[in-house]
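Trainee:
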C-alpha cells in the first residue's frame, strides 16, 4: 500500500502553509519529512490523517483518493501519532491502547479476543505492559508517547504517519521506536527533527522549507552541507557512519551573522564558514 | 497480565445494585414528609396507583398525598437527577473542560429569560398552565444555539471558545432578565426568577412528567451509544479524525441532544446546580474514565442523590423548603473533595 501526495496545497487565512507538495512513499518504505520549524511538515501530515482537507491537490492511498473515503474507512488504512499528547480524562493505559480499534468497531462493541491479544502484543512491543493499569495522566511524557504509538499499531493500519514520534523519548526508546518502524512492514511517513536519526531510520527523506519540497531522495543524496546551510541555516560537516555508512551530521556552533533560517543571503553558498564570530565569542 | 473485561461484566453489578438502592430510596422518600407513611403502606399505595387497585375509604387522604403530590415529585427528582448527571458527563467530554456542567452554555440564564418574558408579557398563552415552562424551554434552546452560533468559526467549534462564549453570554442573559424585572416590577416575576435560578421540584405534577421523562430517557439511550466516540473526543480533535471519528459532527449532534435534554429539565425544575458538575467526577473517580461505564452508572447515582437531596430540602426546615442547590452543594462538596484526595483524581494536564 503506497501513499502519494499529489500537488497538495494548504492555504489557511491567506497564508500558504504547504505549496504544491508532491511526495511518494513506496510500499513498506519509511520516508522522513525534515525541515525547520513552521516549514509545513505537520500540516502535510494532517492532510494524510484527515485532520485537514488540502485546499488543492489530493492524497492517495493505493488507488483511492482519501477524500473519496469515509473518515472511518481511511482510519482503517491510516493510523497517526499526532502532536496531541494524551487525554483530558484519566483513562488507563490499556483503555487508551484499545481505543486504537475504534475505526474497526461499531459503537460500543467490545473488543474481541483477537483484538485484546493485539493490544497485548502492541503493549509488549512498546515496553508498556507493566503500565497497563496505570492512568495515562500520571505517566511521563515518554511513557505516554509509547502508549500512543501502541494505540496506532493496534489500529492495524497499512500506512502510519507520525509527527515527531521521538519527542520526550530517552535515547534507548528513540532507537527502539525507529527500529520498530523500519521493521514494521508498514508504509511510514514520519516527521523527525533529529537529522542523524532520520538518516539512519529512513529509506528516503523529503526536505521542506516554507511549505515547499526542496529536495527528496535517499539520505546521502539529500543531506549535504550546502542543503543544511540553505534550509536550516547551520553549518554541518557530514561524515559516513563508520559501521552503517549512513550520513551523520557534525554541527559547528557558529551561525553566520545576519543569516536567517530558510532565507540564506545570496552569497551564503559560496562563503566559507566564517571564523570571525568565533573569535569574537572567545574574547567576549 | 490482565485485559479489561467486557463492559457488560464490569457495569452489571453496580447497575443492578444501584437500581435496587434507587427503588428503595424512592419508596422511602415518597413515604416521608409532614405526614409520615411507612414504606410498606407507601408501596401498597403505589401499587394501587399504578395498577388502579382498591384502597380503603379512610386511607384516601394519605393516598392522595402519596400519589398526587409526592410520587410525581420524587419521580421528577429521579428523572432530573439522572438527566443532569448524564448531560454533565457528555458536556464535560464535548467541551473538554472539567468545570463544565449542563448549564455552561447559558442554558439556565436563557431559561430564566424565557420564563420571565412569559410571566411578565403573558406570551405563549396557547400552552396554558405550561406556558412558563414552554418559555423556559424555548429560552434554554435559544440561548444554546445563540452561543453555538457565536462561537462557530471556520475551524469548527473550538471547545474553549464555546465555554468562554457560554460564560460571557450567561452574563448577558442575566442582564436582560434584570432589565425586564426592573421595568416590570411585579413580585411574580421575581419569584419566577428565583425558581428558575435556584431550582425546585415543588411544581411537580403528573402532567409535567411525560415530556421530561421522554427527553431524559431517550437522550440517555442515545448518549450511551456514543460511549466510544466520547472517549475518542477527549484525545483531541486531530487524534479523533485519525481514529475515524469526526469530532465536529459528533460535537454538533450531541450539543443539540444535550440542549434539548437540559431545556426540558430546566423547564420543569429550574436550574439545579452542582449535580451535573460533580456526579460525573464522582463516578469517574470510582469507575475510571471510560464513557460506556460512566454513562451507565452516572444516571443512577445522580437519581439517588437527587431523591435524597429533595427529601432533605422539603423536610429539614418544614413547612418551608430549602433551595435544592444549597443542599446539593452542602452534601456534594465534602463527598467530592474526600474522593478526589483519596484517589488522586486527574482531569486534563497535571
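Protein chains in written order, with the working numbering: chain X, 1 to 284; chain Y, 1001 to 1350. Think of the CB as a built atom: it goes at the ideal place given N, C-alpha and C, for glycine as much as any other residue.
Where residue 45 (chain X) and residue 207 (chain X) are concerned, what is the direct C-alpha to C-alpha distance, given to the nearest angstrom?
Mentor: Roughly 14 Å between the two C-alpha positions.
Trainee: For the beta strand (DSSP E) containing residue 24 (chain X), list its first residue and its last residue.
Mentor: Run containing residue 24 (chain X): 15 to 25, per the beta strand (DSSP E) assignment.
Trainee: So for residue 1095 (chain Y), helix, strand or coil by DSSP?
Mentor: Coil, per DSSP.
Trainee: Tell me, please, whether the CB atom of residue 232 (chain X) is closer than 7 Å to any CB atom in chain Y?
Mentor: Chain Y, which has no Cβ nearer than 7 Å to the Cβ of residue 232 (chain X), makes this no.
Trainee: Could you tell me whether the stretch 1199 to 1206 of chain Y touches the stretch 1066 to 1086 of chain Y, where touching means 3 or more Cβ pairs closer than 8 Å?
Mentor: In short, these stretches touch, since the Cβ pair count reaches three.
Trainee: As a quick exercise: from X:22, X:23, X:48 and X:55, pick the residue whose alpha carbon is nearest that of residue 14 (chain X).
Mentor: For residue 14 (chain X), the nearest C-alpha among the options comes from X:55.
Trainee: For residue 77 (chain X), go through chain Y and note every residue whose CB falls closer than 9 Å to its CB, in chain order.
Mentor: The contacting residues do not exist; residue 77 (chain X) stays about 10 Å from chain Y at best.
Trainee: Roughly how many angstroms separate the alpha carbons of residue 1133 (chain Y) and residue 4 (chain X), rounded to a whole number?
Mentor: If you take the alpha carbons of residue 1133 (chain Y) and residue 4 (chain X), they lie about 57 Å apart.
Trainee: I need the straight-line Cα distance from residue 35 (chain X) to residue 169 (chain X), nearest angstrom please.
Mentor: Distance between the alpha carbons of residue 35 (chain X) and residue 169 (chain X) is about 20 Å.
Trainee: With a CB to CB cut of under 7 Å and the five nearest residues on each side skipped, what residues in its chain are close to residue 1087 (chain Y)?
Mentor: Closer than 7 Å at the Cβ level, and outside the excluded window around residue 1087 (chain Y), lie 1102, 1258, 1261, 1262 and 1276.
Trainee: From X:190, X:155 and X:123, pick the residue whose C-alpha is nearest to that of residue 167 (chain X); which is it?
Mentor: The shortest Cα separation from residue 167 (chain X) among X:190, X:155 and X:123 belongs to X:190.
Trainee: What does DSSP give as the partner residue(s) for residue 31 (chain X) in the beta ladder?
Mentor: Bridge partners of residue 31 (chain X): X:189 and X:204.
Trainee: Suppose contacts are defined by Cβ-Cβ distances below 7 Å. Is residue 188 (chain X) in contact with residue 197 (chain X) by that definition?
Mentor: In this structure, residue 197 (chain X) does not lie closer than 7 Å to residue 188 (chain X) by Cβ.
Trainee: I'd like to know if residue 1242 (chain Y) contacts chain X, where contact means its C-beta is closer than 7 Å to some C-beta of that chain.
Mentor: Yes, residue 1242 (chain Y) lies at the interface with chain X (some Cβ there is under 7 Å from its Cβ).
Trainee: Would residue 1239 (chain Y) pass as an interface residue toward chain X - the criterion being a Cβ-Cβ separation below 7 Å?
Mentor: Chain X contact via Cβ: present.
Trainee: Chain X partners of residue 1245 (chain Y), CB-CB under 9 Å?
Mentor: 71, 72, 75, 102 and 103, listed in chain order.
Trainee: Chain Y beta carbons: is any one of them nearer than 7 Å to that of residue 88 (chain X)?
Mentor: Residue 88 (chain X) counts as touching chain Y.
Trainee: Any Cβ of chain Y within less than 7 Å of the Cβ of residue 84 (chain X)?
Mentor: Judged by the 7 Å Cβ criterion, residue 84 (chain X) is in contact with chain Y.
Trainee: Output, in chain order, the set of chain Y residues within a Cβ distance shorter than 8 Å of residue 108 (chain X).
Mentor: Correct list: 1007, 1224, 1225, 1227, 1228 and 1292.
Trainee: Residues in its own chain within less than 8 Å of residue 1107 (chain Y) by CB, not counting five upstream and five downstream?
Mentor: Cβ within range, chain order: 1140, 1143, 1144, 1259, 1262, 1263, 1266 and 1271.
Trainee: Distance cutoff 7 Å, beta carbons only. Does residue 164 (chain X) sit that close to anything in chain Y?
Mentor: No, because no Cβ of chain Y sits closer than 7 Å to the Cβ of residue 164 (chain X).
Trainee: Looking only at DSSP bridge pairs, what is residue 8 (chain X) linked to?
Mentor: For residue 8 (chain X), which the question treats as bridged, DSSP gives the partners X:21.
Trainee: Verify the CB distance criterion: does residue 115 (chain X) have a CB-CB separation below 7 Å to chain Y?
Mentor: No, because no Cβ of chain Y sits closer than 7 Å to the Cβ of residue 115 (chain X).
Trainee: Could you tell me the alpha carbon to alpha carbon distance between residue 112 (chain X) and residue 1091 (chain Y), rounded to whole angstroms?
Mentor: In a straight line, the C-alpha of residue 112 (chain X) is about 30 Å away from that of residue 1091 (chain Y).
Trainee: Just to confirm the assignment: which complete beta strand (DSSP E) runs, minimum length 3, are found wholly within the stretch 1217 to 1298 of chain Y?
Mentor: Complete beta strand (DSSP E) runs here, min 3: none at all.
Trainee: Return yes when the Cβ of residue 225 (chain X) is within less than 7 Å of the Cβ of residue 199 (chain X), no when it is not.
Mentor: It is not a contact, given that the beta carbons lie outside the stated cut-off.
Trainee: Might you give, ordered along the chain, the residues of its own chain that have their beta carbon closer than 7 Å to the beta carbon of residue 1247 (chain Y), omitting 5 neighbours on each side?
Mentor: Cβ within range, chain order: 1233, 1237, 1240 and 1241.
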